[in-house]
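Numbering (this note's numbering) for the sequence shown: 13 to 342. Working notes, beginning with the structure itself.
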Amino acid sequence: MAMLPSKGVVISVPVLVLSVAAATIFLFFLLSAISSSPPPCTCPIPTTDSTSTGSSAADSGNVRFGDRISASAEDVEWVKSQIEANGLHMQQNVLRKGINPRTRRQQLQDLIQFKGISHYEGEEANNHTALPCPGELLVEEHHSNYGEPWAGGRDVFEFLAESVHLTPNSKVLEIGCGTLRVGLHFIQYLNPERFHCLERDELSLMAALRYELPSQGLLYKRPLIVKGEDMNFSKFGDGPTYSLIYASAVFLHMPDNLVWIGLEKLAGRLKPFEGRIFVSHNIKFCSRLGGEECTKRLNHLGLEYLGKHRHDSLLFNHYEIWFEFRRFKA
Numbered sequence: 013m014a015m016l017p018s019k020g021v022v023i024s025v026p027v028l029v030l031s032v033a034a035a036t037i038f039l040f041f042l043l044s045a046i047s048s049s050p051p052p053c054t055c056p057i058p059t060t061d062s063t064s065t066g067s068s069a070a071d072s073g074n075v076r077f078g079d080r081i082s083a084s085a086e087d088v089e090w091v092k093s094q095i096e097a098n099g100l101h102m103q104q105n106v107l108r109k110g111i112n113p114r115t116r117r118q119q120l121q122d123l124i125q126f127k128g129i130s131h132y133e134g135e136e137a138n139n140h141t142a143l144p145c146p147g148e149l150l151v152e153e154h155h156s157n158y159g160e161p162w163a164g165g166r167d168v169f170e171f172l173a174e175s176v177h178l179t180p181n182s183k184v185l186e187i188g189c190g191t192l193r194v195g196l197h198f199i200q201y202l203n204p205e206r207f208h209c210l211e212r213d214e215l216s217l218m219a220a221l222r223y224e225l226p227s228q229g230l231l232y233k234r235p236l237i238v239k240g241e242d243m244n245f246s247k248f249g250d251g252p253t254y255s256l257i258y259a260s261a262v263f264l265h266m267p268d269n270l271v272w273i274g275l276e277k278l279a280g281r282l283k284p285f286e287g288r289i290f291v292s293h294n295i296k297f298c299s300r301l302g303g304e305e306c307t308k309r310l311n312h313l314g315l316e317y318l319g320k321h322r323h324d325s326l327l328f329n330h331y332e333i334w335f336e337f338r339r340f341k342a
């Protein structure tokens, strides 16, 4: 027996031990219950709406509305309308044979000999190709038409986009976009309908509309690609004000007087102050006039020459020279 002198109460040892054990077990379960209860949630609860086509998808510039990945019927009809508007011609489907992994020249010879790359025969041969493509495009010959790697288009895009602090909602005009070696990257980055191009070569337009845009899943971006020459921008309307207008190795092949006609037409379409015109390789249309005369002529158009840039390629041993202009008055 144990005696607690302060109270004079007699408590047996077994009862004391059991009391302490019971209290310990009760405390253990109490603490476990408290620790397992989740704290009150102060985080915002995400909401999803499968029918929503809100501004977040549109503003990103790279997200298709909804969850669709493949081209829609509207996408295909749109690109067909662009082909027709530019005076290009669709090809009929014909009996086709598969291409073995060989050189482009050998693959193209197979296309010519066996008339295509499909395995369907008879009536079914006409039911499986929404945008029949010329053989030259199917073997990607147009990727070799630049005298340098196709991958260099990414270098040009990065340099120009960073130079003008481009945003997805900016408007961009390329003079002579060719087969979209550079333009594809702008189209991917920009919001729909924000990339415009004037191109004169028919095969390049074929490559852009019938191969590159569909193969990259970019039909829904609806770029405005127009067949035209002699710096005729009438099909672009009166409204567009561009953050960037650029010409890569295009002005080299044009008479100086035509380049000046184009600059006169483009000056009013460039955003004042922050908008930029970039021209690659050289500006002999300007230097042949002499420095003072060139400056005077540019100023008359509201344009100002800002300087020369050398841009090194990230991917291969190559660099490009770019000349920068801006519109210095509203």
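C-beta: ideal position from N, C-alpha, C; glycine also.
So residue i packs on residue j, CB below 8 Å; how close in whole Å?
| i | j | result |
| --- | --- | --- |
| G314 | R339 | 5 Å |
| T253 | E224 | T253 to E224, Cβ: 27 Å. No contact. |
| L120 | E153 | 7 Å |
| D268 | R309 | With 8 Å as the limit, D268 and R309 do not qualify as a contact, their Cβ atoms being about 11 Å apart. |
| I95 | R193 | Incorrect: roughly 20 Å between the Cβ atoms, too far for contact. |
Hey, residue i and residue j: beta-carbon distance below 8 Å or not?
| i | j | result |
| --- | --- | --- |
| L185 | I257 | yes |
| S227 | V168 | no |
| F335 | F290 | yes |
| W366 | F248 | Residue 366 cannot be examined here, being either before or after the span of the chain that is shown, 13 to 342. |
| G188 | E211 | yes |
| V88 | L178 | no |
| S182 | S255 | yes |
| R116 | V151 | yes |
| L270 | D242 | yes |
| E316 | F337 | yes |
| E160 | H330 | yes |
| A83 | L231 | yes |
| N294 | L275 | no |
| F328 | G147 | no |
By DSSP's criteria, residue i is part of a beta bridge. Which residues make up the other side?
| i | result |
| --- | --- |
| V168 | V168 pairs with nothing; no bridge assigned. |
| I349 | Since the first residue of the chain shown is 13 and the last is 342, residue 349 is not available in this structure. |
| E96 | Partner(s): none; E96 has no beta bridge. |
| E316 | R338 |
Measure from the C-beta of residue i to each C-beta in chain B and report whether the shortest distance is under 8 Å.
| i | result |
| --- | --- |
| S260 | Considering every chain present, this structure includes no chain B. It has just one protein chain. |
At least three beta-carbon pairs within less than 8 Å, the segment 235–247 to the segment 205–217: yes
The segment 283–291 touching the segment 323–331, judged by at least three CB pairs closer than 8 Å: no
Completely contained beta strand (DSSP E) runs for the segment 237–314, where each covers 3 or more residues: As far as the segment 237–314 is concerned, its whole beta strand (DSSP E) runs of at least 3 residues are 256–259 and 288–292.
Cβ contact check for the segment 195–210 and the segment 162–182: 3 or more pairs under 8 Å: yes
Alpha helix (DSSP H) runs wholly inside the segment 157–243, at least 4 long, in chain order: Complete alpha helix (DSSP H) runs here, min 4: 164–175, 195–201 and 214–219.
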